[in-house]
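In full-length UniProt numbering, the protein residues as written are 1 to 315. Ideal Cβ positions, reconstructed from N, Cα and C, are used throughout, including at glycine. Just so you know, these numbers come straight off a predicted model, no measurement behind them. The structure appears below as structure tokens.
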């Protein structure tokens, strides 16, 4: 296949009993909420952890264990960032606020088969280091995914095949974008575009790039973790002001779900279209997951484009 692949995109005809014995299958069911049947053949064996897989392949430090990211359920503030508050807004989006009054917003989108709840732990870590930022975690609608034999799962858009032509369709992506735009428009009531970012993991990272480049005004920045640019031709005619948007791609070189080469292709395409501030951060031993090192880099990028505007005390 020559197209980006998200969690749950790849399938196997292995009987359920055999698939259930696969360690990779257990990982998917535990962390990603992907229903049967699920792919095992393209994923590395063993259970990837959320720590210790970075650009330098360092072993996980003892301190990182308590703050490791499970991507499952609602995190405790003590584990990921004391002072952060978690709530649900009127549109059923998860909202995470830090200890300070928020002056900026990051809308973060989950991957295929997951929900916003699955990224609370990880975003709590980001909130700890960015207490002035409000994080909004929407959940995709549940819909049939063609490649998964029509299985119902949370998905930002349909995936029909594993070829580039199929990847250009992405049915439903514009409806999902309308939801993200509504969130942006609501945030614009209290802050400018220059204080709003989009981010996401896997299919959510793809959504971040797609929505951020198609939105008519430049946002503060775009975060794409283990993702790619879907429907690239639809964002080919970028205005000059859009080419100034800072973009960071974060990707594990050992990712066998959304392969690293697609991050490289996305980087090349964006540079070809004139994006002036786009970079790819690679993590040598990281699979289709997130590490503490990666989250620190994401946090640094947020601080770079959404600095704390709180007045400094006078001496």
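Pull up the CB-CB distance for residue i and residue j, whole angstroms please, since I reckon it's below 8 Å.
i	j	result
residue 145	residue 135	Contact doesn't hold; Cβ gap of about 26 Å is too wide.
residue 180	residue 219	Contact flag wrong, Cβ pair sits at about 11 Å.
residue 125	residue 137	Actually they are not in contact, since the Cβ atoms of residue 125 and residue 137 sit about 13 Å apart, beyond 8 Å.
residue 102	residue 132	6 Å
residue 228	residue 201	Not quite, the Cβ-Cβ distance comes to about 12 Å (not below 8 Å), so this is no contact.
residue 173	residue 156	6 Å
residue 231	residue 275	Residue 231 to residue 275, Cβ: 16 Å. No contact.
Answer yes or no: does any C-beta atom of chain D fall closer than 8 Å to that of residue i?
i	result
residue 182	Absent from the structure is chain D; it holds one protein chain and no more.
Classify residue i: buried if its beta carbon has 16 or more other beta carbons within 10 angstroms, exposed otherwise.
i	result
residue 176	buried
residue 266	buried
residue 206	buried
residue 187	buried
residue 140	buried
residue 104	buried
residue 199	buried
residue 149	exposed
residue 226	buried
residue 277	exposed
residue 97	buried
residue 208	buried
residue 152	exposed
residue 237	exposed
residue 192	exposed
residue 85	exposed
residue 92	exposed
residue 233	exposed
residue 255	buried
residue 304	exposed
Which residue's Cα is closest to the Cα of residue i: the options?
i	options	result
residue 257	249, 287, 266 and 272	287
residue 197	189, 211 and 171	211
residue 239	253, 216 and 304	216
residue 249	221, 169, 309 and 94	221
residue 195	203, 273 and 185	185
residue 224	158, 233, 95 and 264	264
residue 241	171, 232 and 214	214
residue 170	277, 193, 203 and 252	203
residue 127	295, 243, 143 and 305	295
residue 235	271, 85, 158 and 189	271
residue 297	189, 129 and 237	129
residue 269	192, 247 and 87	247
residue 308	100, 251 and 91	100
residue 154	142, 189 and 260	142
Between residue i and the ligand FAD, is the CB less than 7 Å from at least one heavy atom?
i	result
residue 262	Because no ligand of any kind appears in the structure shown, any question about the ligand FAD cannot be addressed here.
Answer yes if the stretch 100–117 comes into contact with the stretch 290–300, meaning at least three C-beta pairs across the two stretches below 8 Å, and no otherwise.
Flag = no, the stretch 290–300 and the stretch 100–117 do not touch.
What residue ranges within the stretch 103–133 form continuous beta strand (DSSP E) runs of no fewer than 3 residues, ordered along the chain?
Here the runs fully enclosed are 104–109.
May I ask you to verify whether the stretch 105–112 touches the stretch 277–286, counting CB pairs closer than 8 Å and requiring at least 3?
Proximity of the stretch 105–112 to the stretch 277–286 falls short of the contact definition, fewer than three beta-carbon pairs being nearer than 8 Å.
Could you name each continuous beta strand (DSSP E) segment of 3 residues or more that falls completely within the stretch 251–300, going from the start of the chain to the end?
Unbroken beta strand (DSSP E) stretches of 3 residues or longer found wholly inside the stretch 251–300: 278–283, given in chain order.
What runs of the alpha helix (DSSP H), each 4 residues or longer, lie entirely inside the stretch 133–187?
Annotation: the stretch 133–187 contains the following complete segments of the alpha helix (DSSP H) (minimum length 4 residues), in chain order: 164–167 and 173–187.
Please specify which runs of the alpha helix (DSSP H), each continuous and at least 4 residues long, are wholly inside the stretch 188–234, giving them in chain order.
Listed in chain order, they are 203–214.
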